[in-house]
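The working numbering puts the first residue of the sequence shown at 1357, with every later residue one more than the last.
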Amino acid sequence: MKIKSIRQIKDFAGKKVLLRADFNVPIAKGKVNEDYKLVKSLPMIRYLMRYGAKLVIVTHMSNEKQSTQPVARRLSQLLGRPVKFIPDSIGEKPNTAVDKLKDKEILFLQNIRFNKEEETNDKRFAKELSRPYDLYINDAFGVSHREHASLSAIKKFLPSFAGFTVEEEVTNLNKSLKPKKPLTVIIGGAKISTKVPIIKNFINKAEYILIGGAIANDFLKSLGYEVGKSLVGNDEQMIKTVIKLYKKAGNKKIILPLDFVVSKKKDGSGKLFVRLVNNVEQDDIILDIGPKTISFYSQFIKKANTIVWNGPMGLFENEKFKHGTMAIAKLVAARSKGQAFGIAGGGETVEALKLSKMFDYVDWVSTGGGAMLDYLGGAKMPGLKGIVKK
Ligand code: 3PG
């Protein structure tokens, strides 16, 4: 793998640097709720400060109306230095502010998705965005699967480099693409369509692919099992792909749950039951993997030398159904940092690691949700084109 790393440059004095970050973080009542992505970017920002850059940071927020001002404020607290917010990302205001920047000063631009041209990868917009800068760094791994102007087209107009986060992400995620065997991949979550590419890509690389969450329902339903009123995808094509995958890989590679915790009600009120996979009733709702599954899955985690985990095993936000996910978090963490190289990622997986207090015991927790799935699924990564060569 070849990375056009920003580490090649050590003198930024007098240079106007545009840093594309992924600071798309949850905000409530004007405050950042969760700052993992910001914390991860601090070494990159401190490096640029140490070597004298005039630094301008730009990010998107998924909410196209959300201002990035609270993010700038939180970043300033984390860095312990001023971060000046500009309520625009292109045009006269930011251009003038960039011109006035002194070495080691930081400006923070408005949510780039305020401009509709961002998401259409508009070249003219990218050119305008690039105008005041000398170089561009993509440190936004988490959004590098998007063909957007500040990630893709911008690279045509500025010398472009990979930031520390991008570099670390691809280096660590690649450890699962050329893994130390055996490789155990654990895939959960709700949306089968987002998980099929990663399962496909690991079919020949992984020894074991453990399935949990609602996507296990898709597999089981496709194989003719009763899943009651449980959440299932309704994409016929996807179901066909699932059957094909399972037939191709066999039940020794794609491993499905043996039992579940079920309820008659979505919110889990009333009595809960543990059911074996072939005993699920027509009015049952599957909400977690059961104890037999946890113990069965632990065997495959305990013998792995590389582990990839994405997606919860059940509705872990509900206290009653968190046990499967918490158990997997503990098993992955216990095997990581030493015996195995453990990789985890995805918004809910990160939350589950925090809830279980296992976050610090996994080798690599990706800042990417969709981006991690796409990268590991072998999809195109427009944000990495030209700066990372596999
Ligand atoms: C994420 O949080 O997964 C990234 O920031 C990408 O956000 P998006 O799905 O709005 O492009």
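Ideal Cβ placement from N, Cα and C applies to all residues, glycine included.
Quick caveat: nothing in here was measured; it's all calculated off a predicted structure.
(request) Report the rounded CA-to-CA distance for Asn-1389 versus Thr-1723, giving the unit in angstroms. (result) Approximately 16 Å between the Cα atoms of the pair.
(message) For Val-1454, which residues in the same chain have their Cβ closer than 8 Å to its Cβ, ignoring the five residues on either side in sequence?
(response) Lys-1372, Lys-1410, Val-1412, Leu-1463, Pro-1488, Tyr-1489
(request) Please go through the same chain and pick out, in chain order, the residues whose beta-carbon is closer than 7 Å to the beta-carbon of Thr-1521, but skip the five residues on each side of it. (result) Lys-1396, Ser-1397, Met-1400, Asp-1495, Phe-1497, Thr-1723
(message) Between which residues of its own chain and Ile-1699 is the CB-CB distance below 6 Å, once the five residues before and five after are set aside?
(response) Ser-1532, Val-1664, Trp-1720
(message) With a threshold of 8 Å, are at least 3 pairs of Cβ atoms found where one atom belongs to the stretch 1685-1698 and the other to the stretch 1650-1661?
(response) Three or more Cβ pairs drawn from the stretch 1685-1698 and the stretch 1650-1661 lie within less than 8 Å of each other, which places the two stretches in contact.
(request) Look up Ile-1383 in the DSSP assignment and say whether it is helix, strand or coil. (result) Assigned with DSSP and collapsed to three states, Ile-1383 falls in strand.
(message) On the DSSP letters alone, give me the boundaries of the alpha helix (DSSP H) that Asn-1467 sits inside.
(response) Run containing Asn-1467: none; DSSP gives neither H nor E here.
(message) So, for Ser-1619: in the same chain, excluding its five sequence neighbours on each side, which residues have a beta-carbon less than 6 Å away from its beta-carbon?
(response) Leu-1628, Ile-1641, Leu-1643
(request) Could you name the residues of the same chain whose beta carbon sits closer than 7 Å to that of Ile-1650, not counting the 5 residues immediately before and after it, in chain order? (result) Gly-1680, Ala-1683
(request) Count the other C-beta atoms from every protein chain shown that fall within 10 angstroms of the C-beta of Glu-1524, then say buried if there are 16 or more, exposed otherwise. (result) buried
(request) With a 10 Å radius around its C-beta and 16 neighbouring C-beta atoms as the bar for buried, classify Met-1357 as buried or exposed. (result) exposed
(message) So, at 7 Å on beta carbons, what are the nonlocal neighbours of Met-1669 in its own chain, with the 5 sequence-adjacent residues on each side left out?
(response) Gly-1544, Gly-1568, Gly-1569, Asp-1644, Ile-1645, Gly-1680, Thr-1681, Ile-1684
(message) Helix, strand or coil for Val-1412? Go by DSSP, reduced to three states.
(response) strand
(request) Provide the residue span of the beta strand (DSSP E) that contains Ser-1619, from first to last. (result) 1615-1619
(message) Would Ser-1418 pass as an interface residue toward chain B - the criterion being a Cβ-Cβ separation below 8 Å?
(response) No chain B appears in this structure, which consists of one protein chain only.
(request) For Asn-1380, verify whether its CB is less than 7 Å away from any heavy atom of the ligand 3PG. (result) yes
(request) Please report how far the alpha carbon of Asn-1634 lies from the alpha carbon of Pro-1426, in whole angstroms. (result) 50 Å
(request) List the whole-angstrom C-beta distance separating Asn-1467 from Met-1405, where the pair is believed to meet the contact cut-off of C-beta under 8 Å. (result) The pair is not a contact, with the Cβ atoms about 23 Å apart (cut-off 8 Å).
(request) Put Arg-1502 into one of helix, strand or coil per three-state DSSP. (result) coil
(request) Pick out whichever of Gly-1519, Ser-1578, Phe-1677, Gly-1703 has its Cα sitting closest to the Cα of Lys-1812. (result) Since the first and last residues shown for the chain are 1357 and 1746, residue 1812 lies out of range.
(message) Is Ser-1418 a contact residue of the ligand MN, with contact defined as CB to any heavy atom under 7 Å?
(response) Although the ligand MN was asked about, the structure shown includes only the ligand 3PG as ligands.
(message) If you follow the beta strand (DSSP E) that Thr-1662 is in, where does it begin and where does it stop?
(response) 1662-1666
(message) To the nearest angstrom, how far is the alpha carbon of Asp-1431 from that of Leu-1632?
(response) The amino acid at residue 1431 is misidentified as Asp; the sequence shows Leu. So the two alpha carbons sit approximately 49 Å from each other.
(message) Any heavy atom of the ligand 3PG closer than 7 Å to the beta-carbon of Gly-1519?
(response) no
(request) May I ask you to report which of helix, strand or coil DSSP gives Phe-1517? (result) strand
(request) In the DSSP assignment, find the alpha helix (DSSP H) that holds Asn-1573 and state where it starts and stops. (result) Boundaries of the alpha helix (DSSP H) around Asn-1573: 1570-1578.
(request) Could you spell out where the beta strand (DSSP E) holding Val-1395 opens and where it closes? (result) Val-1395 -> not in any beta strand (DSSP E); alpha helix (DSSP H) instead, spanning 1392-1406.
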